[in-house]
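Q:
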Amino acid sequence: KDIILVGPPGSGKGTQAPRIKDELCLCHLATGDLLRNAVAKGTEIGKEAKGIMARGELVPDQMVVDLIDDALKMPECERGVLLDGFPRTIPQAEALDEMFERKGKKVDHVVEFKTDDDILVERISGRRVHKASGRSYHVKFNPPKTEGVDDATGEPLIQRPDDNEDVLRNRLDSYHSQTTPILDYYKKHNVLTTINAMQGIDEVYADIGKDIF
Ligand code: AP5
Ligand code: ZN
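With the UniProt record's numbering as the guide, the letters of the sequence shown map in order to residues 28 to 240.
In structure tokens, the structure reads:
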């Protein structure tokens, strides 16, 4: 199966993705994580993306399309992919259809994580992430076993540089103006499922399961 997760910043895509991926044996491709790795490594893409991400704007379509095109070549993606944070614009959705068509794949499910904007400030300000893996925690809603430390590796957790209220506002603007049009696009293709992402983490997972497992 090939599945797309769409939702505003902090809606829970990265929290649900590892569980969905394990359940269905998919590879998890998060363009935000791929871009943050490129920034950390200081690649050409990373240098261009750094400032754009820090402002909470979207990087150019071709940049993420190329990243995904490359990542789809990984053998672990043959069984299916779980796309988290991609596509985010109509041109990205069209480019994905072309990439999938070439591989004889199609989009099976698009899960929309629906939330009110006003709950996202608390989600984003309490988030702590493990930099190397992208695993995310929340100081209140999903705390690690030991404060400030990743469960799996024991390495320290950090706050993402774009996780502050000012940048969040721009990320939300980008979401509403550039990303929500893809929801209609997928609705027309009869693959859209909308989940109430304001419930607890386990309830959200159960709702996703009802539709796609
Ligand atoms: P990206 O990394 O994708 O960030 P985002 O879309 O803003 O999404 P987040 O990662 O903030 O939210 P999430 O839904 O994963 O939330 P999480 O599960 O961690 O992108 C970053 C930047 O890269 C973009 O701004 C852009 O510049 C660029 N970019 C990326 N992809 C791009 C693309 N395709 N095109 C162009 N540019 C692109 O949860 C958040 C917090 O809430 C956590 O602390 C978590 O523990 C907690 N939480 C989760 N679920 C619940 C729940 N049900 N109840 C309570 N707490 C919860
Ligand atoms: Zn995420």
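Cβ coordinates follow ideal geometry from the N, Cα and C atoms, glycine included. Small disclaimer: the values here were computed from a predicted structure and weren't measured.
1) Please say whether Gly83 and Asn191 have beta carbons closer to each other than 7 Å?
2) Do the CB positions of Gly37 and Ile222 come within less than 7 Å of each other?
3) Near the ligand ZN, which residues have their beta-carbon closer than 7 Å to a heavy atom?
4) Quick check: the segment 124-141 against the segment 211-226, are there 3 or more CB pairs under 8 Å?
5) DSSP three-state label for Asp234, please.
6) From which residue to which residue does the beta strand (DSSP E) around residue 23 run?
7) Enumerated in chain order, which unbroken segments of the beta strand (DSSP E) with a length of 3 residues or greater are wholly contained in the segment 47-104?
8) Report yes if the C-beta distance between Lys167 and Gly107 is below 7 Å; otherwise report no.
9) Could you spell out the range, first to last residue, of the beta strand (DSSP E) harbouring Glu139?
10) If you pair each beta-carbon of the segment 193-210 with each one of the segment 158-177, do three or more pairs fall below 8 Å?
11) Per the DSSP calculation, Asn169 is bridged to which residue(s)?
12) For Gly69, count neighbouring Cβ atoms within 10 angstroms of its own Cβ and tell me buried if that reaches 16, exposed if not.
A: For this structure:
1) By one-based count along the sequence shown, residue 191 stands at place 164. By one-based count along the sequence shown, residue 83 stands at place 56. No, the pair does not count as a contact, with Cβ atoms beyond the cut-off.
2) In the sequence shown, the residue the question calls residue 37 occupies position 10. In the sequence shown, the residue the question calls residue 222 occupies position 195. No; because the gap between Cβ atoms is not below 7 Å, this pair is not in contact.
3) Every residue with a CB closer than 7 Å to a heavy atom of the ligand ZN is listed here in chain order: Lys40, Gly41, Ala57, Gly59, Asp111, Gly112 and Ser163.
4) Taking 8 Å as the limit for Cβ pairs, the verdict is that the segment 211-226 does touch the segment 124-141.
5) Taking the sequence shown and counting its residues from 1, the one referred to as residue 234 is at position 207. Asp234: helix per DSSP, three-state reduction.
6) Any question about residue 23 goes unanswered here, given that the chain covers just 28 to 240.
7) If we require 3 residues or more, the beta strand (DSSP E) runs fully inside the segment 47-104 come out as 54-57.
8) Here the question's residue 167 lines up with position 140 in the sequence shown. Here the question's residue 107 lines up with position 80 in the sequence shown. No.
9) As a position in the sequence shown, residue 139 is number 112, starting the count at 1. That run of the beta strand (DSSP E) goes His136 to Lys141.
10) The segment 193-210 is not in contact with the segment 158-177.
11) On the sequence shown, position 142 is the one that residue 169 refers to. According to DSSP, Asn169 shares a beta bridge with His165.
12) For the purposes of this step, residue 69 is identified with residue 42 of the sequence shown, where counting begins at 1. Gly69 sits exposed, since fewer than 16 C-beta atoms from the chains shown fall within 10 Å of its C-beta.
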